[in-house]
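Chemist: One structure coming up, written as structure tokens, with questions to follow.
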Amino acid sequence: MLQGPDLVLACPHCQSLARLFTVANPDPTGAVSWSDGYQEMPLTPAQPNISRCKNCGKLMWVAECPPVGMIDENQPSPEHEEWKKLPYIEPVEEKDYLEALKSGMAVEPERETELRVFAWWRANDAHRRNEGPGRYPQSPESVENLERLVELLKDGEHEFVLFRAEALRQLGRFDEARDILHGICSDYAIARERLAELIAQKSRDVEVLFSEPLIAEMQAEGAEA
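The sequence shown lines up with residues 0 to 224 when you count with the working numbering.
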């Protein structure tokens, strides 16, 4: 990964400054696609969509933070040395996404969907490196979030149908999850088949869909066929 210049942004609540990293050249090495739709790139961290200001403690949409400047080593300026002392804008946890939802940060349905998907991903993060059963969101708050997400995605496009099927699977609603998979187009056939296998097994666990080793294995199987 080649890191780009840091952006300097202001908190929309208290106007205190913080840094946001950028990526000039993403590195997909080691990328993993999970059954819940989360795309993990270990060498290319994703920018947070919401964060908590380290000065006032309020949650904020990063995209709504007013830009103040940029720390570009190729174009130094007098402010850079002071800006380099600023804290970074950091990602948040499931509880923060749920707090954002309760505080009214999701005015449009699209933003509510985004916050609920990210809350779901953060809940699943605790299980991505574990083995054995029970690797799915189980707290009342997590379950309530998934149930609301299922309703929000009811009339979505094919990609959202996959999200909905996976949410239903993790809720243990296997018959509903299996039924809606039939409506997914062939562009998503591999993911559809993998989810169908997990549904048939009555598994609620978050699983890897694709990774570099799995892709190589599938390519080898295809060459032998």
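Note that CB positions come from ideal geometry on N, CA and C, so glycine has one too. Values in this document were obtained by computation on a predicted structure and should not be read as measured data.
Is the beta carbon of Leu85 closer than 8 Å to that of Leu16?
Modeler: Cβ atoms of Leu16 and Leu85: closer than 8 Å.
Chemist: If you count every other CB in all the chains shown that lies within 10 Å of the CB of Pro132, and 16 or more means buried, which is it?
Modeler: When all chains shown are included, Pro132 counts as exposed.
Chemist: In angstroms, rounded to a whole number, what distance separates the CA positions of Gln169 and Asn73?
Modeler: If I take the Cα positions, the gap works out to 48 Å.
Chemist: What do you reckon, are the CB atoms on Pro66 and Pro11 nearer than 8 Å?
Modeler: For Pro66 and Pro11, no; Cβs fall outside 8 Å.
Chemist: Report buried or exposed for Ala215, applying the criterion of at least 16 other Cβ atoms within 10 angstroms of its Cβ.
Modeler: Low confidence applies to Ala215: its pLDDT is 46, below 50, so where it sits in the model is not reliable enough to give any reading.
Chemist: CA-CA distance, Arg147 and Leu97?
Modeler: Distance between the alpha carbons of Arg147 and Leu97 is about 12 Å.
Chemist: Cα-Cα, which of Arg163, Gly171 and Gly29 is closest to Glu150?
Modeler: When each option's Cα is compared against that of Glu150, the closest is Arg163.
Chemist: How about Arg177 and Ala195: do their beta carbons lie closer than 8 Å?
Modeler: A contact, by the Cβ cut-off of 8 Å.
Chemist: Identify which residue in Ser32, Val22 and Met104 has its Cα closest to the Cα of Lys57.
Modeler: If we check each option's Cα against that of Lys57, Met104 comes out closest.
Chemist: Suppose only complete runs of 3+ residues qualify. What are the beta strand (DSSP E) ranges in the region 50-127, listed by chain order?
Modeler: With a minimum length of 3 residues, the continuous beta strand (DSSP E) runs that stay inside the region 50-127 are 58-60 and 66-70.
Chemist: Any contact of the region 116-126 with the region 31-46, i.e. 3+ C-beta pairs under 8 Å?
Modeler: Yes, they touch.
Chemist: Just grab the DSSP bridge partners of Phe209 for me.
Modeler: Ser32, per the DSSP bridge assignment.
Chemist: Anyone know if the C-beta pair for Thr21 and Gly3 falls short of 8 Å?
Modeler: Yes; because the gap between Cβ atoms is below 8 Å, this pair is in contact.
Chemist: Identify the residues that DSSP records as bridge partners of Asn24: which are they?
Modeler: Leu1.
Chemist: Using only the alpha-carbon positions, how far apart do Ala45 and Ala23 sit?
Modeler: Distance between the alpha carbons of Ala45 and Ala23: 12 Å.
Chemist: Could you tell me how far apart the beta carbons of Arg134 and Asp186 are, in whole angstroms, since I believe they sit closer than 8 Å?
Modeler: No, Arg134 and Asp186 are not in contact; Cβ-Cβ is about 28 Å, not under 8 Å.
Chemist: Looking only at DSSP bridge pairs, what is Arg18 linked to?
Modeler: Looking at the DSSP assignment, Arg18 forms a beta bridge with Val7 and Tyr87.
Chemist: Could you tell me which residues DSSP puts in a beta bridge with Glu225?
Modeler: Beyond the ends of the chain as shown, which are 0 and 224, falls residue 225; an answer cannot be given.
Chemist: Take Lys83 as the anchor and find which of Val91, Ile70 and Pro90 has the nearest alpha-carbon.
Modeler: Ranking the options by Cα distance to Lys83, first place goes to Ile70.
Chemist: Enumerate in chain order the residues of its own chain whose CB-to-CB distance from Ala224 is below 8 Å, with the five nearest sequence positions on each side excluded.
Modeler: Because Ala224 carries a pLDDT of 47, less than 50, the predicted location of this residue cannot be relied on, and no value is offered for it.
Chemist: Helix, strand or coil: which one does DSSP assign to Tyr187?
Modeler: Helix.
Chemist: Give me, in chain order, the residues of the same chain whose beta-carbon lies closer than 7 Å to that of Asn54; leave out the 5 immediate sequence neighbours on both sides.
Modeler: Cys10, Cys13 and Ser15.
Chemist: Counting along the chain, where does the alpha helix (DSSP H) carrying Leu145 start and finish?
Modeler: Its alpha helix (DSSP H) spans residues Pro139 to Leu151.
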